[in-house]
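Below: one structure, written as structure tokens.
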Amino acid sequence: MFIAKYSLKTITIILLFIIALLGGVYVVSLELDRIHLTVTVLKDGNTIPGANVYVFASAPNGTRLIATACTNQYGIAAFQLSIKNIIKPIIDWNQAGKRSFTINPGLYITSIGVYNNTIFFGSASTKLPLTLTGPITTNINLDLKHPIKKVETKIKTVSTNVQQQAPPWAQLIYSAQSTMRETVFKVSTDQNTKASCGYLVEQYREVAFKCTYSVTKVIDDSIVVKWTIGAEISWVTSQIYKTLVFDVGQSSTGYVSFLAAINYECWEYEMPADGGELYREHRTYIVYYWPDSLQTVKGEDDIEGNQIFLRSVTGAGWNTAAFIVYLHWYVSQEFGIPVSKFIKFIAATFFKFPQALNVPVDVDLIFKSADAICADVRVYGVEGCTINIYKVEISRTLNAYYQIPAWAIILRT
Numbered sequence: 008m009f010i011a012k013y014s015l016k017t018i019t020i021i022l023l024f025i026i027a028l029l030g031g032v033y034v035v036s037l038e039l040d041r042i043h044l045t046v047t048v049l050k051d052g053n054t055i056p057g058a059n060v061y062v063f064a065s066a067p068n069g070t071r072l073i074a075t076a077c078t079n080q081y082g083i084a085a086f087q088l089s090i091k092n093i094i095k096p097i098i099d100w101n102q103a104g105k106r107s108f109t110i111n112p113g114l115y116i117t118s119i120g121v122y123n124n125t126i127f128f129g130s131a132s133t134k135l136p137l138t139l140t141g142p143i144t145t146n147i148n149l150d151l152k153h154p155i156k157k158v159e160t161k162i163k164t165v166s167t168n169v170q171q172q173a174p175p176w177a178q179l180i181y182s183a184q185s186t187m188r189e190t191v192f193k194v195s196t197d198q199n200t201k202a203s204c205g206y207l208v209e210q211y212r213e214v215a216f217k218c219t220y221s222v223t224k225v226i227d228d229s230i231v232v233k234w235t236i237g238a239e240i241s242w243v244t245s246q247i248y249k250t251l252v253f254d255v256g257q258s259s260t261g262y263v264s265f266l267a268a269i270n271y272e273c274w275e276y277e278m279p280a281d282g283g284e285l286y287r288e289h290r291t292y293i294v295y296y297w298p299d300s301l302q303t304v305k306g307e308d309d310i311e312g313n314q315i316f317l318r319s320v321t322g323a324g325w326n327t328a329a330f331i332v333y334l335h336w337y338v339s340q341e342f343g344i345p346v347s348k349f350i351k352f353i354a355a356t357f358f359k360f361p362q363a364l365n366v367p368v369d370v371d372l373i374f375k376s377a378d379a380i381c382a383d384v385r386v387y388g389v390e391g392c393t394i395n396i397y398k399v400e401i402s403r404t405l406n407a408y409y410q411i412p413a414w415a416i417i418l419r420t
């Protein structure tokens, strides 16, 4: 009897030990798959309690909504996300095909909050590592920048046919992806000038693309709509070395363009989230581009805009370069790529697209590595003539009725 009781006690202890061990393994496995995300929502340096926060995972075919929350009294929203759900699909996609690039996973985050009786919208993002082993911890400050609507004393209720969801909610009501040839470089000459150009994409160097967005209340087209440059939304690393060398003769124009996958998404929000008004975020961005698709042809959008004088040089004949323009000396690490043709396509196919948004628009390309993309222009001219060198203005005026530039050099005598 004593032996039986002793054996039962021993078995119980062993079972408890095994259960505890298995529980510990389970907890460890959960932690290894975990992304700890903390988002602090701010406006003019002040934390915003009660702000709605929406977390999207970047993917090759568009962003996916994966989590929502409201900020606490300190303006903070905390999330625990899954590496397998967010990072593994990107790794699988990169490994599935032989491409001239890889993409990195990341989180794109938007928020709607109230400050001084005005509703504001903002965005932020973070790139994630290509790893299946966590935990990963990331802290983000999200600044509210885009004023949407003055809060009225009485909130107008939404239509009864709107499907109610647990607040805060967002839903994708339309999306489209198109592969287009985008112009990134342009050189123009006159009758007295020529140019010899080089354009280089460096291997294993990264660029990022920013999201261009506009947020509108769901009303008619009479509202004034502005496009806004938001946070980074995709990260692309070239897997090849690609260089182009080409000449631009007298009174000619040379171009460089590449193929890019461009996305448009329309996300609908409700604010307040329990029966307020509906808002739509119109989101345009480049998901990725093919470095091996670089060609000396014009893309579907041209590069036009204000010209800024760089310098004057004296022509030294057709065999001696009068000057060499190194583009990284004259532009920032960030420049625009026009995507107006794509927006016109969306406006023609999506009947809920506000016509007030159908204006020239661009997306941002950012060098994460200083030498990711380089270009130079060797300037030649008739001996003794004065050559004025201009570049197209880099600063943005998103609602101006001309294209926002990438890189452009103009030679004029």
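To convert, count from 1 in the sequence shown and add 7; that's our numbering. C-beta atoms are modelled at their ideal positions from N, C-alpha and C, and glycine is treated no differently. Note that the structure is predicted; figures quoted are calculated from it, not measured.
Does the Cβ of residue i have 16 or more other Cβ atoms within 10 Å, making it buried, or fewer, making it exposed?
i    : result
Y409 : Reliability of the predicted coordinates at Y409 is poor, the pLDDT of 31 falling under 50, and no value is obtained from them.
S264 : buried
S132 : buried
K233 : exposed
S118 : buried
S258 : exposed
G391 : exposed
L151 : buried
R318 : exposed
T164 : Low confidence applies to T164: its pLDDT is 43, below 50, so where it sits in the model is not reliable enough to give any reading.
K398 : buried
N168 : Its pLDDT being 45, under 50, N168 is placed unreliably by the model, and the measurement read from it follows with that caveat. When all chains shown are included, N168 counts as exposed.
L139 : exposed
A17  : Checking the displayed sequence, the identity of residue 17 turns out to be Thr instead of Ala. Exposed, by the Cβ-count rule.
Y211 : exposed
Y262 : buried
G82  : buried
Suppose you measure from the CA of residue i to the CA of residue j; what does that come to, to the nearest Å?
i    : j    : result
I401 : G343 : Per-residue confidence for I401 stands at a pLDDT of 42, beneath the threshold of 50, marking its modelled position as unreliable; no derived number is given.
T244 : Y296 : 10 Å
R287 : W100 : 30 Å
L334 : D383 : 6 Å
I416 : V194 : 5 Å
Q362 : A355 : 9 Å
R419 : V332 : 14 Å
I293 : T186 : 10 Å
V366 : K359 : 16 Å
L137 : P112 : 7 Å
K161 : A177 : Low local confidence applies: a pLDDT of 42 at K161 is under 50, so the model's placement there is unreliable, and no value is given.
G104 : A377 : 28 Å
G205 : I394 : 20 Å
E209 : A379 : 5 Å
I90  : E38  : 10 Å
I350 : R71  : 21 Å
Y220 : N313 : 23 Å
Q102 : N68  : 16 Å
C381 : K134 : 24 Å
F63  : S203 : 44 Å
L149 : N123 : 17 Å
N53  : I143 : 27 Å
K375 : E213 : 5 Å
T260 : P298 : 22 Å
D40  : I147 : 20 Å
Taking the alpha-carbon of residue i as reference, which of the options has the nearest alpha-carbon?
i    : options                   : result
E307 : Y181, F352 and N146       : F352
K217 : I116, V304, Q302 and A323 : I116
D254 : T196, Q210 and L301       : T196
R106 : A64, Q246 and Q257        : Q246
V5   : G120, R188, A202 and G205 : No information on residue 5 is available, as it lies outside the stretch 8 to 420 that the chain covers here.
T125 : P174, K50, F374 and V320  : K50
T145 : A85, A66, P96 and N365    : A85
L207 : L251, K359, I396 and L418 : L251
D369 : S376, P67, T235 and L137  : T235
I373 : C204, G261, V191 and V366 : V191
P279 : I380, K224 and V346       : K224
L44  : K348, S347, L114 and S14  : L114
S65  : N53, G82, C77 and I110    : I110
L364 : H289, I94, Q184 and I269  : H289
E311 : K201, H153 and S347       : S347
D371 : I396, T291, D299 and D309 : T291
Between residue i and residue j, which are expected to be in contact by the criterion C-beta below 8 Å, what is the C-beta distance as a whole number of angstroms?
i    : j    : result
S241 : A267 : Not confirmed; about 10 Å, so no contact.
Y61  : T75  : 5 Å
V222 : F128 : 5 Å
A328 : Y271 : Between Y271 and A328 the Cβ distance is about 43 Å, and since that is not below 8 Å, they are no contact.
Y181 : F330 : 49 Å between Cβ atoms; not a contact.
I42  : G141 : 6 Å
P3   : N79  : A question about residue 3 goes unanswered here, because the residues of the chain that appear run from 8 up to 420.
L88  : I73  : 6 Å
A238 : S130 : 5 Å
K249 : L301 : 5 Å
V320 : N199 : Not confirmed; about 12 Å, so no contact.
Flag residue i as yes if its beta-carbon sits less than 7 Å from any beta-carbon of chain C, otherwise no.
i    : result
T327 : Among the protein chains of the structure shown there is no chain C, as only one such chain exists.
Open item on the list: Taking contact to mean 3 or more Cβ pairs, one atom from each stretch, closer than 8 Å, check whether the stretch 272-281 and the stretch 317-328 are in contact.
Closed with: no
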